[in-house]
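So the number in the numbering used here is just where the residue sits in the sequence shown, counting from 1, plus 1123.
Accompanying notes for the structure given below.
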Amino acid sequence: MGISIKYIQKTHFNKEKIKYILIFTVICILSFLYLFSSFRKGIWYKGYFLYQIKENEWSGTVFQETLHLTRIPSDHTIHLYFTWGDKSETYSVSYQELGTAPFPITIYKSEEPIFNGYYDSFHHLLNNDGTLFFEIEVNAHYSNPFGNTDWQPSETFIARLAFEDNTSLRGNLNIVLIVFLCAIILLLDIKFPKLFFYLSHGLYVNDPEPSSFYTTGQMISRFILGFAILILIIATFYNV
């Protein structure tokens, strides 16, 4: 009987150990994927993220179609090639010298000029008379049942892509930091259920013990914190 009890206890211990190893492995894998996704480089386009394939080349899904973007600089001209699904457009930005802004530029669609003016130090386009070039562009994260064909770039985006480094990370690093802080607090609370209770009350009374009301509130707090972490993970990848 003694051998049988020891065997049962050992088996139970091994199952518990395997369970914790599996949980730890899953957490490590999910954390790696989360960080990997957050630190991928690319550019934002119409509220969508285009991943950097290599220098001066990006690709991603925009309005349910794959958009491929290539930037090729040459002497006094920067060529931009857009391919969205089975549609393609070519743009070019010509300039004389990249001196002190504002400096004169001309933007062409194929070989037709669509803008002639200046590009200033605030990354805006100016008309030849010095007034701000006005354009309206709406970013949307929704599916249009009638199809959305407004995938073409604006003149301002073309100029910024030509002259600026628009590269950013896929995730919001401030939110990433908050996620990991919340996760550490949650894991500590699960691993050491009385830790935060003693930190809050242990210095004021002798031999404190949490009440059933406290443990119930603790379970609710864990659920709320876990749900908040999930929401923050999703919010990490939104451009606001």
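Note that beta-carbon positions come from the ideal geometry of N, C-alpha and C, so glycine has one too.
CB contact flag (residue i, residue j, <7 angstroms)
i	j	result
residue 1305	residue 1352	yes
residue 1165	residue 1171	no
residue 1163	residue 1293	yes
residue 1122	residue 1203	Residue 1122 is absent from the structure shown; the chain starts at 1124 and stops at 1363.
residue 1333	residue 1320	yes
residue 1249	residue 1225	yes
residue 1299	residue 1161	yes
residue 1324	residue 1316	no
residue 1242	residue 1230	no
residue 1274	residue 1350	no
residue 1277	residue 1258	yes
Contact with chain B by residue i, beta-carbon distance below 7 angstroms
i	result
residue 1190	The chain inventory of the structure shown lacks chain B, comprising one protein chain alone.
Where residue i falls, given that 16 or more other Cβ within 10 Å makes a residue buried
i	result
residue 1168	buried
residue 1255	exposed
residue 1302	buried
residue 1137	exposed
residue 1267	Note on residue 1267: pLDDT 49, under 50, position unreliable in the model; no value is reported.
residue 1189	exposed
residue 1183	buried
residue 1295	buried
residue 1240	buried
residue 1223	exposed
Sheet register partners of residue i (DSSP bridge)
i	result
residue 1239	1229
residue 1194	1203
residue 1214	1203, 1232
residue 1181	1175, 1192
residue 1248	1242
residue 1291	1165
residue 1255	1249
Reference residue i; option with closest CA among the options
i	options	result
residue 1235	1242, 1142, 1216	1216
residue 1221	1230, 1177, 1199, 1210	1199
residue 1179	1186, 1157, 1286, 1359	1286
residue 1233	1205, 1311, 1153	1205
residue 1237	1223, 1281, 1245, 1141	1281
residue 1157	1356, 1139, 1257	1356
residue 1210	1345, 1191, 1252	1191
Checklist entry - In chain order, which beta strand (DSSP E) runs of at least 3 residues are fully inside the segment 1141-1174? => result 1164-1168
Checklist entry - Where are the alpha helix (DSSP H) runs, 4 residues long or more, that stay fully inside the segment 1295-1359, in chain order? => result 1296-1314, 1318-1324, 1335-1358
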